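J.: Let me give you the structure first, and then I'll get to my questions.
There are 2 protein chains.
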Amino acid sequence: MPRLETLMTDDLRAFRRQAGDRHTAFKARGLKLDSTRGKPSAEQLDLSNALLDLPGTDGFKAQDGGDCRNYLGDVRGLPEARALFAPMLGAPADQMLVGGNSSLTLMHDLIVFALLHGVPDGTASWSAQAPVSFLCPVPGYDRHFSICEGFGIRLVPVPLTGHGPDMDVVERLVAGDPGIKGMWCVPKYSNPTAETYSDETVERLAAMRTAAPDFRLFWDNAYAVHHLTDRPHQLADILAACARHGHANRPFVFGSTSKVTFAGAGLSLFASSTANLDWARKHLSRQSIGPDKLNQLRHVRLLRDMAGIAALMERHRQILVPKFQRVQAVFAEHLDGAGVARWTEPEGGYFISLDVRPGSARRVVTLAQEAGVAMVAPGATFPYGKDPQDQNIRIAPTFPALPEVGLAAEGVALSVLVATSEAILAERESHSGH
Amino acid sequence: MPRLETLMTDDLRAFRRQAGDRHTAFKARGLKLDSTRGKPSAEQLDLSNALLDLPGTDGFKAQDGGDCRNYLGDVRGLPEARALFAPMLGAPADQMLVGGNSSLTLMHDLIVFALLHGVPDGTASWSAQAPVSFLCPVPGYDRHFSICEGFGIRLVPVPLTGHGPDMDVVERLVAGDPGIKGMWCVPKYSNPTAETYSDETVERLAAMRTAAPDFRLFWDNAYAVHHLTDRPHQLADILAACARHGHANRPFVFGSTSKVTFAGAGLSLFASSTANLDWARKHLSRQSIGPDKLNQLRHVRLLRDMAGIAALMERHRQILVPKFQRVQAVFAEHLDGAGVARWTEPEGGYFISLDVRPGSARRVVTLAQEAGVAMVAPGATFPYGKDPQDQNIRIAPTFPALPEVGLAAEGVALSVLVATSEAILAERESHSGH
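In the order they appear, the protein sequences are chains U and L.
Our numbering numbers the first residue of the first sequence as 829 and each following residue consecutively.
Our numbering numbers the first residue of the second sequence as 829 and each following residue consecutively.
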């Protein structure tokens, strides 16, 4: 594959035509492929099918004898579920809460409580201190951003470095602006770049001085156990680090079983300081008598302990690794050397992050969609859906079957070649026109 | 039983001593009885035990083929669940939403969205129009009140009449104060008085002029199918009535299966105008990818249709009626003619409402608790936990087994006799002291 920028214009035109022909031929196959979101495949979901007839007609009692078919008034969830998931988030069980089917809902609702009531260490509700801003390392997760957008919380992008956010930028911003109340973090196998925050990054996030006394890290450890290699990343303990630096109330730690068992029918997890837990309990207790404890029982029976979780995740890994490898192989085959795209080789998580020639991502997505590959909207990995460089594309290889994963990657790669050769030609023409 | 007020003071003293001895003897039995909350009994929960191994390993597909183990992106819930429950709330299926395990959460969250974003027909968020007030017919449901208390929404009590709230009072209040944004209603077999709003009440609620253009009825039809006789109450259709009067966006209609299948592991229901549904969907979509659709499938498979729901509710009725009758019989035996208590004879719902001599309810509850009967806090049926007459007590006869229900009622009745004879004596002494 020639480096496109180095081709003479006529050769580039020929390349463009040839790539266009291959794209057209691909399109003519009338495929319908889905690379939109980080969804587990049916094969992965099958791994947890035992949940489908749990807890069973004799199995509705909690360890303490409580009848999980009835109201059980503790919004923190079942003790055995809290004990099971505490090590997954690196928290003591008495600082854990196990909730309903959506960790996004927990994040959303804690922001609501902060806006309307304020948080521990704060002098007023966040709404009374408007305008409120959140830092968001980019590229990041669109659903995080959209919660803030919905509440008029200003989103301030911070570049990721490969080992977490650029901490020089973060430290400067939070020290200077008391309106910065929060920061979105996907600290392990980040969505979409798959990077894990380094020990130094975690330490600096815990130690840094914030102008806002009521600043919170929204630590969405969504991929805590979602390894793709046999060398799992180790994430430093944010709860301990913050406590050590006198900022015990800084981290809100979230987790989820949506990509462990069933997506959208799993459990949400929250861990934090005792003061934050008490605060959350108080407000959650007005919202609900408690989460669905039968579903918590199902999960306790299926997963049992961290060894059970690890064994299940190993089976997920066996299904996922070939899909990730297939995308890498197809991208390498079509794009290596062309100098118009870089992509991650994730060691965990659910995504491959593809960076194309700046200014071309939107066009790539359009072409891919024309070729039958459903993609997430271009720009989705940035606040307000606007990628300032128009270069990042999130590839989600988990849901389709392996052959379709390869085809989808091929459709994307051909679209990259068409879009970027087009763009280089257009740039040369515009220059020659001046 | 003599009418206590008519007894000569010496006879009343003797009565008081005798009642006290019986109360002491009851207390000495060291019973532990629970009449706190409206919880179904284990026997009732058994009726839905088929849920415990549903949907089964082959049963995870929705009618449209969607895999309910995976993310399915519609916050309105499964179409077949919406169709199943639409007639229960008297709504078209396309104006229905089926949510997670708590209708209280839906009510809470819609208030949050109204506070932070405003509702259709409003010119600003409710927070921007503070102070916000809600009308609350009393006695009513403490968890409704506590949502408002948590958000600093002022609660304005309105008396119930036996066929709904006093509409002269309601009409006057809502016409005069644009800060009144909502009204709590449990329109059928109301908690705790068991009254059903008359057709005229419903009509006037639908027709009335409100100073606030963004006023909402929080229509918690929690006991829609919870009959205790074979002459089910008929509640007029609030959605149709409001639409007819040009107030289609006025009602937020809620329902729940918590007292149909499993309490706290059931489904929440919401029906409203298309504009309100669109508004709710928009905000709920930022909060969550969607509710647990496997639990919706379980319910569809168990209940099937309105006939299935009715058949199940008939079996609940067979369990509940003897418990309600037992309380009536024990109260009649101990209290008839004493002139110190009145109680409801509910034709549906979960509670008996007991009114004692004004100023005595708190003392009755204390005595009952001393006698081993756990009761909800006195005043709980009023905003801020304060019953201005200190006379209402909510009796919850559903949870304990039948013999315990009778014992609990006896403990309460003895406590009523002690507390009220004490109170009459104290009053006489205070009068003779002047």
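Glycine is no exception: its CB is placed at the ideal position from the N, C-alpha and C atoms.
Every value quoted in this text rests on a predicted model; they were computed, and no experiment measured them.
List the residues of chain C that U/G968 touches, going by C-beta distances under 8 Å, in chain order.
T.: Among the chains of the structure shown, chain C does not appear; the protein chains present are U and L.
J.: Are at least three pairs of beta-carbons, each pair with one atom in the stretch 999–1006 of chain U and one in the stretch 964–978 of chain U, less than 8 Å apart?
T.: No, they do not touch.
J.: Is U/L1242 near U/A1199, with beta carbons less than 8 Å apart?
T.: A contact, by the Cβ cut-off of 8 Å.
J.: Since L/G1165 contacts L/R865 with CB under 8 Å, what's their CB separation in whole angstroms?
T.: Going by Cβ atoms, the distance from L/G1165 to L/R865 rounds to 31 Å, so no, they are not a contact pair.
J.: Please identify the residue among L/M916, L/L880, L/D881 whose C-alpha is closest to the C-alpha of L/M1141.
T.: Selected option, being the one with the closest Cα: L/M916.
J.: Is L/D881 near U/T885, with beta carbons less than 8 Å apart?
T.: Yes, the pair counts as a contact, with Cβ atoms nearer than the cut-off.
J.: Apply the 10 Å Cβ neighbour rule to U/H972 and answer buried if 16 or more other Cβ atoms are within range, or exposed otherwise.
T.: It counts as buried.
J.: Check this for me: beta carbons of U/W1047 and U/V1081, under 8 Å apart or not?
T.: Going by C-beta atoms, U/W1047 is nearer than 8 Å to U/V1081.
J.: Three Cβ pairs or more, each shorter than 8 Å: is that satisfied between the stretch 940–959 of chain U and the stretch 1079–1099 of chain L?
T.: Not touching, per the Cβ criterion.
J.: How about U/G894 and U/L900: are their beta carbons less than 8 Å apart?
T.: Yes, the Cβ-Cβ distance between U/G894 and U/L900 is below 8 Å.
J.: How is L/C896 classed by DSSP in three states: helix, strand or coil?
T.: It is coil, neither helix nor strand.
J.: Under 8 Å between C-beta atoms, does L/S822 make it to chain U?
T.: This structure cannot speak to residue 822 of chain L, because chain L is shown only from 829 to 1262.
J.: What residues in the stretch 903–932 of chain L bring their beta carbon closer than 8 Å to a beta carbon of chain U?
T.: The stretch 903–932 of chain L vs chain U, Cβ under 8 Å: G928, N929, S930, L932.
J.: Whole angstroms are fine: how far does the CA of L/R1256 sit from the CA of L/V1192?
T.: Cα to Cα, L/V1192 sits roughly 19 Å from L/R1256.
J.: Work out the CA separation of L/E871 and U/S1181 for me, nearest whole Å.
T.: Their Cα atoms are separated by approximately 54 Å.
J.: Indicate the three-state DSSP secondary structure (helix, strand or coil) for L/P907 in the structure shown.
T.: Note: L/P907 maps to helix in three-state DSSP.
J.: For the pair the stretch 1043–1061 of chain L and the stretch 1006–1022 of chain L, tell me if three or more CB-CB distances fall below 8 Å.
T.: Yes: the two stretches touch, three or more of their Cβ pairs being nearer than 8 Å.
J.: Determine which residues share a DSSP beta bridge with L/I1137 and list them.
T.: Beta-bridge pairing links L/I1137 to no other residue.
J.: If we ignore side chains and look at the alpha-carbon of each, how far apart do U/V1088 and U/S1026 end up?
T.: Roughly 24 Å separates the two Cα atoms.
J.: Could you tell me how far apart the beta carbons of U/L1125 and U/H851 are, in whole angstroms, since I believe they sit closer than 8 Å?
T.: The pair is not a contact, with the Cβ atoms about 51 Å apart (cut-off 8 Å).
J.: Considering only DSSP beta bridges, list what L/H1202 is partnered with.
T.: For the sequence presented, residue 1202 of chain L should be read as Ala rather than His. Paired residues: L/D862.
J.: Pull up the DSSP beta-bridge partners for U/R982, would you.
T.: BP columns for U/R982 point to U/S961.
J.: Taking 8 Å as the threshold (beta carbon to beta carbon), is U/Y1178 in contact with chain L?
T.: No, U/Y1178 lies away from the interface with chain L (no Cβ there is under 8 Å from its Cβ).
J.: Quick check: the stretch 1015–1024 of chain U against the stretch 987–996 of chain U, are there 3 or more CB pairs under 8 Å?
T.: Yes, they touch.
J.: I'd like to check one pair, U/Y1212 with U/L963: are the Cβ atoms closer than 8 Å?
T.: Not closer than 8 Å, so no.
J.: Could one say the Cβ of U/G1213 lies closer than 8 Å to chain L's Cβ atoms, at least one of them?
T.: False, the Cβ-Cβ gap to chain L never drops below 8 Å.
J.: In chain U, which residues lie with their C-beta within 8 Å of the C-beta of L/Y899?
T.: Result: R865, K867, S1086, A1091, G1092.
J.: When you compare only the Cα positions, how much space is there between U/G1118 and L/P948?
T.: If you take the alpha carbons of U/G1118 and L/P948, they lie about 30 Å apart.
J.: Cβ closer than 7 Å: which chain L residues qualify as neighbours of U/R1132?
T.: By Cβ distance, chain L contributes nothing, its closest Cβ being about 19 Å from U/R1132, past 7 Å.
J.: Any idea which residues DSSP pairs L/L988 with across the strands?
T.: Answer is L/P993.
J.: Output the boundary residues of the alpha helix (DSSP H) element that contains U/F941.
T.: Taken as a continuous stretch (DSSP letters only), the alpha helix (DSSP H) holding U/F941 covers 931–945.
J.: From this set, L/W1171, L/R1145, L/H1144, which residue's C-alpha is nearest L/A1157's C-alpha?
T.: Answer by Cα proximity: L/W1171.
J.: Less than 8 Å separating the beta-carbons of L/I1221 and L/V1168?
T.: No, the Cβ-Cβ distance between L/I1221 and L/V1168 is not below 8 Å.
J.: Indicate whether U/L1122 and U/C896 have their beta-carbon atoms separated by less than 8 Å.
T.: Yes, they are a contact pair.
J.: Return yes when the Cβ of L/S863 is within less than 8 Å of the Cβ of L/P1225, no when it is not.
T.: Their beta carbons are under 8 Å apart, which means L/P1225 touches L/S863 by this criterion.
J.: So what does DSSP say about U/L925, is it helix, strand or coil?
T.: Strand at U/L925.
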